[in-house]
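With the working numbering applied, the sequence shown covers 2 to 1033.
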Amino acid sequence: MLTRNTSNQPSAAPSSTGAKQTSQSFVNMSNPARRRGRGGNPQQQSDSSSARGGGLAPGAFDGPASRGGASSNTGSAGRPASTAQSATSGPGSQPGSPSTSPRSAQPGSFAPGPGSPNSPSSGIAPAPLMTDPARDPARQARLTDSLRNIDLPASFYNLDNLYEMPTEFKTRPGYNTTGREVSVKLNSFPVVQFPVSSVYQYDVQIGSGAEKRAVILKVWASNARKAATGEWFIFDGNKLGWSGQNFKEDIHVTVDLDAEEGRSSGRTSNTFRIVIRKAKTLNLSLIQAYFSRQIQMGPEILEGINFLDHLLREGPSRNPRFIPIRRQFFIRDGQRAALGGGVEVFRGVYQSLRLAEGQRAIINLDVANCCFWQPTSLIAAIIAKMRLRDPQGIQQQCRPVQDNGTVKASQFQKLMSKNFRKVLVKARYEGCPVPDKAWNIKDFSVKSAQQHMLDMKDASGNPTGQQQSVAQYFKTRYNVTLQYPGLPLVEMTKRGVFYPMEFLHVIENQRYAFKLDETQTANMIKFAVTRPDVRNSSINEGQGWLNWGEDRFLKQYGLKVNPTMMRTKARLLPSPEVQFGGAAAKPGTAGRWDLRGKKFLTTNPRELVAWGVGVFGNADKPMLEKFAKDFAQAYRQHGGKISSAPPNLMRLPADPAQAVEQLHNGTGNMFKQRPQLLVFIVQDKNSFHYLRIKKSCDCRFGVVSQVLQFQQVRKGNPQYYSNVLMKVNAKLGGTTAQAKPDRTSGFKSFPGPTMVIGADVSHASPGSDQASMAALTVSFDKFGGRYAAACQTNGKRVEIITEANWASMLTPLVTQWVATIGGGRVPGTIYYFRDGVSEGQFVHVMQQEVPHIKSVMSKIQGSDWKGKVTVIIAAKRHHVRAFPEDKAGADKNGNPLPGTLIEHDCTMPFEWDFYLYSHIALQGTARPVHYTIIHDESNHPPNVIQNMIYEHCYQYMRSTTSVSLFPAVYYAHLASNRAKAHENIPSSEGPQGGPGFKQNQPAAQSDVSDSEVRPLMAMFPVNGIHFAMWYI
2 MLTRNTSNQP SAAPSSTGAK QTSQSFVNMS NPARRRGRGG NPQQQSDSSS ARGGGLAPGA
62 FDGPASRGGA SSNTGSAGRP ASTAQSATSG PGSQPGSPST SPRSAQPGSF APGPGSPNSP
122 SSGIAPAPLM TDPARDPARQ ARLTDSLRNI DLPASFYNLD NLYEMPTEFK TRPGYNTTGR
182 EVSVKLNSFP VVQFPVSSVY QYDVQIGSGA EKRAVILKVW ASNARKAATG EWFIFDGNKL
242 GWSGQNFKED IHVTVDLDAE EGRSSGRTSN TFRIVIRKAK TLNLSLIQAY FSRQIQMGPE
302 ILEGINFLDH LLREGPSRNP RFIPIRRQFF IRDGQRAALG GGVEVFRGVY QSLRLAEGQR
362 AIINLDVANC CFWQPTSLIA AIIAKMRLRD PQGIQQQCRP VQDNGTVKAS QFQKLMSKNF
422 RKVLVKARYE GCPVPDKAWN IKDFSVKSAQ QHMLDMKDAS GNPTGQQQSV AQYFKTRYNV
482 TLQYPGLPLV EMTKRGVFYP MEFLHVIENQ RYAFKLDETQ TANMIKFAVT RPDVRNSSIN
542 EGQGWLNWGE DRFLKQYGLK VNPTMMRTKA RLLPSPEVQF GGAAAKPGTA GRWDLRGKKF
602 LTTNPRELVA WGVGVFGNAD KPMLEKFAKD FAQAYRQHGG KISSAPPNLM RLPADPAQAV
662 EQLHNGTGNM FKQRPQLLVF IVQDKNSFHY LRIKKSCDCR FGVVSQVLQF QQVRKGNPQY
722 YSNVLMKVNA KLGGTTAQAK PDRTSGFKSF PGPTMVIGAD VSHASPGSDQ ASMAALTVSF
782 DKFGGRYAAA CQTNGKRVEI ITEANWASML TPLVTQWVAT IGGGRVPGTI YYFRDGVSEG
842 QFVHVMQQEV PHIKSVMSKI QGSDWKGKVT VIIAAKRHHV RAFPEDKAGA DKNGNPLPGT
902 LIEHDCTMPF EWDFYLYSHI ALQGTARPVH YTIIHDESNH PPNVIQNMIY EHCYQYMRST
962 TSVSLFPAVY YAHLASNRAK AHENIPSSEG PQGGPGFKQN QPAAQSDVSD SEVRPLMAMF
1022 PVNGIHFAMW YI
């Protein structure tokens, strides 16, 4: 067996005869006080989720020597004895001991009684009931913490008492009356009966309270627990439980996981105590009383909703047919498709309990798509994920590097470790004693199976003086010859366990948590995008999978759901005209119009004279000259003011920074003035080169730029030129069009000096620890057509925009607005559109962001600002879909027409929210934007503000269609994405974070610590670029 030695090299021991190897598994010689690993995927029996610390599995071997210097202990029946204890325990303590708990008992908890084996006097008694061990101990516990799977109204989060004064959210003042009525079906199903019998809530304590979730679930799934509580007891996996049975006395259950799993006991206790204590009787009738406004919201209502949510999920979560992931359930043998890169997508069903308008609870049901690792060999997965050709590529890319005499992993191997950390694998080779055990990957070693040498020991643990490589060891002991002995060894989360890479296979049904690359995204879209009729059928199919009528838990507790989709009366709002320079388009319900023959509403205020065109790669000069001529002519046809002199034409070097410098300087020298516009023609869609071009133009030279595709330029399509010129005209100070409200619309124009502010915060891709990017947009005309923007880093995964960012970004924009648009006055009315915040964050928007806006206005005005603010949240990440019931309310694909407004049945009970379709979906099922007006000091009627939001979607600057999202928010999203180009790092290191950060690109080295966030580079303040639409 393998044991540790003092030379940091594991050694191998022959059998007692010294001639052949034993079949015993290897003993983990790590510090027993550090060795109990728990956690991981509860669906798998992994090394990190094992309740016992345990020894190494056969075929694995120890890594670096333990700090603890523990000695070997070998158990019976070919299994190592475990001396592992909880990672939070001190030497000599046992798991579950209250004295070693990382948290003290909370008020109302209870301590172990006498006779506990977790205390000096044997037996098992309960440890104190504590808070969730996974929760950040520095974070204040909140009443809503346990309801994260429910879409609660924003007002419920006042119960968390995060601020001195509760936030008052705008309630619905009425309903829209403009346009005409249309009938649609919703992917919502009404709850028609709550449980009628009593339901009792219990506090549940398992072990010490410090156990990992996987251990808690294994203990809860034990036969001993089931015998004590019965089949119908529901557990939230944390600390709450519910039952229809009234257990008046505390329930104490002892669970021996060794006995449950048919193992003999080791030296370390693998026994846990469950304590269940009645907390209260739920009064579910209070939910209906809240709907009828007989009572205010309170903790008792939250507790009832929490139970109903867990009740709905209990049946499918216990169904072995499903892979449950929060509110989503995926069929194990259901529809799936390969996306490439070792990833596949599953189709499933999404289910969420919601409180809704109409005094009812509803179930929102939708199609769910989720990515999983493909079950394959680990080598194949690495080749696919890391875009290699063969195993030799892994070996070549993982060659260690020398750093001041120290051997370190290559950058490629570091990235590989990051991508595969925590992936579950199983070992498969001839003679493997534990082929069904799941192991959790921690890292990849810098040594291969050829290089890692083992000092051999005999059965008594005495050195034999012999050494073997890992490759030789497996050949000697298992008669297995490694095919790729030069590949890095794989280290598992169980301390000291390594395996040769070629033995490992990725376990199926593991969620893939990384951002998809471009190819995977394209394949995902092909799989996920479905026509409305297909999605409607899929939703009904999902309802059949869940089968509420036959769900044994729903039947046991008496919860009934109507399996028929709800129908509601929506309204089709009147569409505006789109006003151009001297002409107008009337799109009606088509949601699109033609730009041919039309001049922009306003064009560049300054004639375009100094502009340059540069091309990367090969391109003949006549083609460039023709492009410049056609491009200039197209701009003139749309009303643009452009000099008859041709632009500066150049072939550019491959390096983007040098290319920008040469084109900028060459253009400036040619026209004897600062360039007004630089156009770059690129051969392919290289996002890294695009960001470097934008960084140099924005931050080094302060000039607006436009990047074009070579293939499109060569085609010379006039429509392509017109589409590009909408962006160019906006960057040069013009406006494409303005929406003119229909005479029946409730909105006519803004009241007096009005400013529209949009805000968005984008975050780094999953797995990245990089800065979040905040972006603000501010309207720079009197009708909300043009928007200036500012961006800045906003901490790491911080959604609420900081006070410092409000001051640094908003102040210069408002100052310029006052000087140019406001006639020396600050705005009297502000519409603040906020994107990307959940209902639980509305209170922070009101308590933090809105006061910061008012503070900026007051400082610029020089006195207390008395203007009026309306705050509107725009959200696209939701699962509400509508399906028109008649052709008069549907487009050719079967989606709702632009202007479809939904205010009933799926909206919140009292808050002012609505769903608005304002665009034509080019493919798939259209998704409305969910708007919530959380604050309105102007007291708008629904006809005014809802129609204003819809009509402004027709004046998005770079499109000849209405768009799905209010433009101020849309522009903030564009600017937030563009903020990647302004990161204050050497361009050669690539983008660090933000949306779209490439996971397969090695992270750049930085002199900024993990706790710091570096500000963005400033834009070069010339040509008024700060207030131009540079981001569009």
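Just so you know, even glycine gets a beta-carbon here, dropped at the ideal spot from N, CA and C.
>> With H, G and I counted as helix, E and B as strand and the rest as coil, what does DSSP make of residue 467?
In response: Counting from one through the sequence shown, the residue named residue 467 turns up at place 466. Residue 467 falls in the strand class under three-state DSSP.
> Roughly how many angstroms lie between the CA atoms of residue 862 and residue 755, to the nearest whole one?
Replying inline: Taking the first residue of the sequence shown as position 1, residue 862 is located at position 861. Taking the first residue of the sequence shown as position 1, residue 755 is located at position 754. Those two C-alpha atoms are separated by around 15 Å.
> Which first and last residues belong to the beta strand (DSSP E) in which residue 937 is found?
Replying inline: As a working mapping, residue 937 is identified with position 936 in the sequence shown. Unbroken beta strand (DSSP E) run through residue 937: 930-937.
>> Taking the beta carbon of residue 526 as the centre, do at least 16 other beta carbons fall within 10 Å, making it buried, or is it exposed?
In response: Stepping through the sequence shown from its first residue, residue 526 is reached at position 525. By the 10 Å Cβ count, residue 526 comes out exposed.
>> With DSSP as the reference, identify every bridge partner of residue 583, one or two as the case may be.
In response: The residue given as residue 583 occupies position 582 in the sequence shown. Note: residue 583 is not bridge-paired with any residue in the DSSP secondary-structure output.
> What three-state label does DSSP hand residue 706 in the structure shown?
Replying inline: Taking the first residue of the sequence shown as position 1, residue 706 is located at position 705. Three-state DSSP puts residue 706 in a strand.
> So residue 732 packs on residue 959, CB below 8 Å; how close in whole Å?
Replying inline: Along the sequence shown, one-based indexing puts residue 732 at 731. Along the sequence shown, one-based indexing puts residue 959 at 958. With 8 Å as the limit, residue 732 and residue 959 do not qualify as a contact, their Cβ atoms being about 10 Å apart.
> In its own chain, which residues sit with a C-beta less than 7 Å from the C-beta of residue 905, not counting the 5 before and 5 after it?
Replying inline: Counted from its first residue, the sequence shown places residue 905 at position 904. Residues 358, 359, 569 and 570 of the same chain have their beta carbon placed closer than 7 Å to that of residue 905, with the five preceding and five following residues left out of the count.
>> Beta-carbon within less than 7 Å of residue 468's beta-carbon, same chain only, minus the 5 sequence neighbours each way: which residues are those?
In response: Position 467 of the sequence shown, counted from the first residue, corresponds to residue 468. Scanning its chain for C-beta atoms nearer than 7 Å, with the 5 sequence neighbours on each side dropped, one finds around residue 468 the residues 454, 455, 456 and 457, in chain order.
> Do you know whose CA, among 897, 758 and 844, lies nearest residue 828's CA?
Replying inline: To locate residue 828, count along the sequence shown from 1; it is residue 827. The residue with the shortest Cα to Cα distance from residue 828 is 758.
>> Do residue 330 and residue 350 have their beta-carbon atoms positioned less than 7 Å apart in this structure?
In response: In the sequence shown, counting from the first residue as 1, residue 350 sits at position 349. In the sequence shown, counting from the first residue as 1, residue 330 sits at position 329. Cβ distance < 7 Å, so residue 350 and residue 330 count as in contact.
> When DSSP labels each residue in this structure, what does residue 970 get in the three-state scheme?
Replying inline: Locating residue 970 in the sequence shown gives position 969, where the first residue counts as 1. In the structure shown, residue 970 sits in a helix (DSSP, three-state: H, G or I).
> Can you tell me whether DSSP reads residue 1014 as helix, strand or coil?
Replying inline: Counting from 1 along the sequence shown, the entry for residue 1014 is found at position 1013. The answer is coil: DSSP assigns residue 1014 none of H, G, I, E or B.
> Who are the Cβ neighbours of residue 198 in its own chain at under 8 Å, not counting the five residues just before and after it?
Replying inline: Taking the sequence shown and counting its residues from 1, one reaches residue 198 at position 197. Only 245, 558 and 559 meet the Cβ criterion.
> CB-CB under 6 Å to residue 217, same chain, minus the five flanking residues each way: which ones, in chain order?
Replying inline: For the purposes of this step, residue 217 is taken as the residue at position 216 of the sequence shown. Residues of the same chain with a CB within less than 6 Å of the CB of residue 217, apart from the 5 flanking positions on each side, are 207 in chain order.
> residue 939 to residue 229, Cα distance in whole Å?
Replying inline: Taking the first residue of the sequence shown as 1, we reach residue 939 at position 938. Taking the first residue of the sequence shown as 1, we reach residue 229 at position 228. Rounded to the nearest angstrom, the gap between the Cα atoms of residue 939 and residue 229 is 60 Å.
> Can you find at least 3 beta carbon pairs, one from the segment 533-542 and one from the segment 284-302, that sit closer than 8 Å?
Replying inline: Between the segment 533-542 and the segment 284-302, the count of C-beta pairs closer than 8 Å stays below three; the two stretches do not touch.
>> Quick check on the DSSP output: what are the complete alpha helix (DSSP H) runs of length 4 or more inside the segment 440-505, in order along the chain?
In response: Here the runs fully enclosed are 471-479.
>> Using C-beta distances below 6 Å, list every residue in its chain close to residue 342, excluding the 5 sequence neighbours before and after it, in chain order.
In response: Taking the first residue of the sequence shown as position 1, residue 342 is located at position 341. Cβ neighbours of residue 342 beyond the five flanking positions: 385, 386 and 521.
>> Using the three-state DSSP reduction, which class does residue 271 fall into: helix, strand or coil?
In response: What you label residue 271 is simply residue 270 of the sequence shown in a count that begins at 1. Secondary structure of residue 271 (DSSP, three-state): coil.
>> Taking the alpha carbon of residue 449 as the reference point, which residue from 209, 463 and 397 has its own alpha carbon closest?
In response: Residue 449 sits at position 448 when you count from the first residue of the sequence shown. Out of 209, 463 and 397, 397 has the C-alpha closest to the C-alpha of residue 449.
> What is the rounded straight-line gap between the Cα of residue 852 and the Cα of residue 804?
Replying inline: In the sequence shown, counting from the first residue as 1, residue 852 sits at position 851. In the sequence shown, counting from the first residue as 1, residue 804 sits at position 803. Cα-Cα distance, rounded: 9 Å.
> Using the beta-carbon count (16 or more within 10 Å), is residue 188 buried or exposed?
Replying inline: Taking the sequence shown and counting its residues from 1, the one referred to as residue 188 is at position 187. Around the C-beta of residue 188, 16 or more other C-beta atoms lie within 10 Å, and the residue is accordingly described as buried.
> Beta-carbon separation of residue 604 and residue 730 under 7 Å?
Replying inline: The count along the sequence shown starts at 1 and reaches residue 604 at position 603. The count along the sequence shown starts at 1 and reaches residue 730 at position 729. The beta carbons of residue 604 and residue 730 sit closer together than 7 Å.
> Are the CB atoms of residue 364 and residue 562 nearer to each other than 7 Å?
Replying inline: For the purposes of this step, residue 364 is identified with residue 363 of the sequence shown, where counting begins at 1. For the purposes of this step, residue 562 is identified with residue 561 of the sequence shown, where counting begins at 1. Contact flag set, yes.
> Out of 816, 784 and 264, which has the shortest C-alpha to C-alpha gap to residue 750?
Replying inline: Along the sequence shown, read from residue 1 onward, the residue named residue 750 stands at position 749. Looking at the Cα atoms, 784 is the closest of the given residues.
> Would DSSP call residue 250 helix, strand or coil?
Replying inline: Here the question's residue 250 lines up with position 249 in the sequence shown. DSSP places residue 250 in coil when its eight states are reduced to three.
> Exposed or buried, which one is residue 926 when buried takes at least 16 other CB atoms within 10 Å?
Replying inline: Along the sequence shown, one-based indexing puts residue 926 at 925. Around the beta carbon of residue 926, 16 or more other beta carbons lie within 10 angstroms, which makes this residue buried.
> Does the count of Cβ pairs from the segment 760-780 and the segment 633-652 closer than 8 Å reach three?
Replying inline: The segment 760-780 makes no contact with the segment 633-652, as fewer than three CB pairs between them are under 8 Å.
>> What ranges does the alpha helix (DSSP H) occupy inside the segment 271-308, keeping only unbroken runs of at least 4 residues that lie completely in it?
In response: Runs found: 286-292.
>> Rounded to whole angstroms, what is the Cα-Cα separation between residue 402 and residue 408?
In response: Taking the first residue of the sequence shown as position 1, residue 402 is located at position 401. Taking the first residue of the sequence shown as position 1, residue 408 is located at position 407. C-alpha separation (whole angstroms): 6 Å.
>> Classify residue 505: buried if its beta carbon has 16 or more other beta carbons within 10 angstroms, exposed otherwise.
In response: For the purposes of this step, residue 505 is taken as the residue at position 504 of the sequence shown. The residue is buried, with at least 16 neighbouring Cβ atoms inside 10 Å.
>> Within the continuous alpha helix (DSSP H) that includes residue 943, where are the two ends?
In response: Translated into the one-based positions of the sequence shown, residue 943 becomes position 942. In the DSSP assignment, residue 943 falls within the unbroken alpha helix (DSSP H) covering 943-953.
>> Let's test the definition: count the other Cβ atoms within 10 Å of the Cβ of residue 971 and tell me whether it reaches 16, buried, or not, exposed.
In response: Your numbering for residue 971 matches position 970 in the sequence shown. Under this definition residue 971 is a buried residue.
> When DSSP labels each residue in this structure, what does residue 687 get in the three-state scheme?
Replying inline: The residue given as residue 687 occupies position 686 in the sequence shown. Reduced to three states, the DSSP call for residue 687 is coil.
>> With H, G and I counted as helix, E and B as strand and the rest as coil, what does DSSP make of residue 1?
In response: Because the chain spans 2 through 1033 in this model, residue 1 falls outside it and cannot be assessed.
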